[in-house]
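The numbering of the sequence shown is the working numbering, which starts it at 12 and goes up by one. Even glycine gets a Cβ: it sits at the ideal position worked out from N, Cα and C. Here the structure is a predicted model, which is why all the values come from computation and not from measurement. Please read the structure below before turning to the comments.
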Amino acid sequence: MTIRQLLGAAAASAAVLAALPAAQAELLIGQTTSVTGPVAASVGETLVGVRLYLDSVNAKGGVHGEQIKLITLDDKFEPALAGENARRLIEQDNVLALFMSRATPHTEAILPHLAKNNIALVAPSTGAMVFHQPPNPLVFNVRSSYQAETEKAVEHLHTLNVRRIAVVHVDDSFGEDCLAGAEKGFAKTGLKPVAVIRADRAKPDFAAIVPQLVKADAQAVIWIGSSVAVSGGVKALRQQGSSMQVITVSNNASAGFTKQLGDAVRGVIVTQVFPSERAMSYAINREATALAKAAGATLSPSVMEGFASAKVLVEGLRRAGPKPTREKIVAALSGMGHYDLGGLELGYGPGDRTGLSFVELSIIDGSGQFLR
């Protein structure tokens, strides 16, 4: 074939390629979370919120003309698998950032992979203080800390003149972190816990725990664990005829948790790290409500956590500019001094990866609704 023929063939090939639909560029984001296992119900709700927002952004053309693709791997609530999933997402799938891991020890297993690859983790679904202090430059928190939640729980009980308070906590870093917050509350109010009980993460022994709580004559118990563990504990208490007040934290702020409680649902208190989804004075709630209505979805506290987290992720991608790299995303998020989520302001800066500092309490009514 002559040079002229080669050039002609090349021109013809180029014309054919130009006539084909352009391949849609994608921004790959990785997630390892508990799609199955004891926290699957609340994880599923956070993913509803994530999808509501990401789908709306993609429908409008994505970010700088590129669609956002979330690759979600199931870690089955196993910390070691969470770490392996993170490695795979970073090294094999070549994601630009990690997003919304679930639980404390599981997210701790991810940290070495962040440092090795200089990649951001946006909105871990855990309020553990280890991700707040000292600040990790690659971890960008959205929700408030567990310690702030349990400290407020003790203070709330104190204002109600409840003095005999027990703590049941899962025997892992999540449980220890929540206990540390409760201890701050006890110190501030001058109280001491009547009992502190460790519970196995996989198989809490309710037959041993409940008698200890009853013997301690606790008026209230701050119960820290998965939704399955805490709902099981509440049922065990009620079956023994105990009416002691139960408070748990926002990892259980889901419709799935209320369903697991069944007939024992009424009166359980859950600390919250986002305003009530029914508070229409917040622009973020109005936005989520409109998208949920169009999609036939139902909002819950966990859905709103996913929605807010997705907004922060997208804003980071926007600020990183066209064709973002891992380094550009880290830099963009690090420089996000002020960002209005819709009535809730968040910001990061040198030595600050705190995110929001919002905590309030809700009580569950007989129909399973969170009342503020």
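Query, Result
"As assigned by DSSP and simplified to three states, the class of Ala33", "Residue confidence is low: Ala33 scores 39 on pLDDT, short of 50, so the model does not pin down where it sits. No coordinate-derived value is stated."
"Within the segment 249 to 274, ranges of the alpha helix (DSSP H) (whole runs, at least 4 residues)", "266 to 272"
"Neighbour-count burial assignment, Ser265, 16 or more Cβ in a 10 Å radius", "buried"
"Residues of its chain near Asn129, where Cβ-Cβ distance is below 8 Å and the 5 sequence neighbours each way are ignored", "Leu149, Arg337, Glu338, Val341"
"Ala290 - partner residues in DSSP beta bridges", "Note: Ala290 sits in no beta bridge, so no partner."
"Inter-residue Cα distance where the pair is Thr83 and Glu37", "15 Å"
"Buried or exposed by the 16-neighbour rule on C-beta atoms within 10 Å, applied to Glu119", "buried"
"Which listed residue (Phe381, Ile235, Ala91, Gly278) has its alpha carbon closest to that of Arg209", "Ile235"
"Rounded separation between Glu162 and Ala198 - CA only", "10 Å"
"Start-to-end residues for the beta strand (DSSP E) that takes in Ser53", "Segment 51 to 70 is the alpha helix (DSSP H) holding Ser53; no beta strand (DSSP E) there."
"Per DSSP, cross-strand counterpart(s) of Gly138", "DSSP lists no partner for Gly138."
"Glu187 versus Lys71: straight-line alpha-carbon distance, rounded", "44 Å"
"Contacts around Ile375, its chain only, beta-carbon distance under 8 Å, and the 5 residues preceding and following it disregarded", "Thr269, Leu272, Val276, Arg277, Gly278, Val279, Ile280, Val281, Phe381, Leu382"
"Bridge partner(s) assigned by DSSP for Ile176", "Ala231"
"Exposure label - Thr365; buried when at least 16 CB within 10 Å", "buried"
"Same chain only: Cβ atoms within 6 Å of Leu324, ignoring 5 sequence neighbours per side", "Phe110, Val133"
"Alpha-carbon to alpha-carbon, Asn69 and Leu81", "11 Å"
"Nearest neighbour of Ile233, chosen from Ile176, Pro335, Gly94, Gly41 [CA to CA]", "Ile176"
"Own chain residues within Cβ distance below 7 Å of Gln223, not counting five before or after", "Ala206, Ile208"
"Where Pro123 falls, given that 16 or more other Cβ within 10 Å makes a residue buried", "exposed"
"Distance, Ile121 Cα to Arg99 Cα", "11 Å"
"contact_flag[the segment 58 to 66, the segment 309 to 323] where n(CB pairs < 8 Å) is 3 or more", "yes"
"Residues near Asp363 in its chain [Cβ-Cβ closer than 8 Å; skip 5 each side]", "Pro146"
"Selected residue, minimal CA-CA separation from Lys246, among Pro49, Gln230, Asp274", "Asp274"
"Through-space distance from Asn105 to Leu171, alpha-carbon basis", "52 Å"
"Exposure label - Thr137; buried when at least 16 CB within 10 Å", "buried"
"Rounded Cβ spacing between Ala108 and Ile40 (contact assumed at less than 8 Å)", "6 Å"
"The segment 42 to 54 in contact with the segment 344 to 353 per 3-pair CB rule at 8 Å", "no"
"Cβ-based neighbour list, Ala370, same chain, cut-off 8 Å, excluding 5 preceding and 5 following", "Looking at the sequence itself, residue 370 is Val, so the reference to Ala does not match. Hits under 8 Å: Ser155, Ala159, Glu160, Lys163, Thr282, Gln283, Val284."
"Contained alpha helix (DSSP H) runs [length at least 4] in the segment 275 to 357, N- to C-terminal order", "294 to 306, 312 to 331, 337 to 345"
"Collapsed DSSP secondary structure at Glu360 in the structure displayed", "Reading off the sequence shown, one finds Gly at residue 360, where the question assumed Glu. Strand."
"Phe151 versus Leu328 - alpha carbon distance", "13 Å"
"Every unbroken beta strand (DSSP E) within the segment 70 to 116, with a cutoff of 3 residues, ordered by chain", "78 to 85, 108 to 110"
"Endpoints, alpha helix (DSSP H) assigned at Ala126", "122 to 128"
"Integer Cβ distance of Gly354 from Ile295, believed to fall under 8 Å", "6 Å"
"Cα-Cα separation between Ala213 and Cys189, rounded to whole angstroms", "18 Å"
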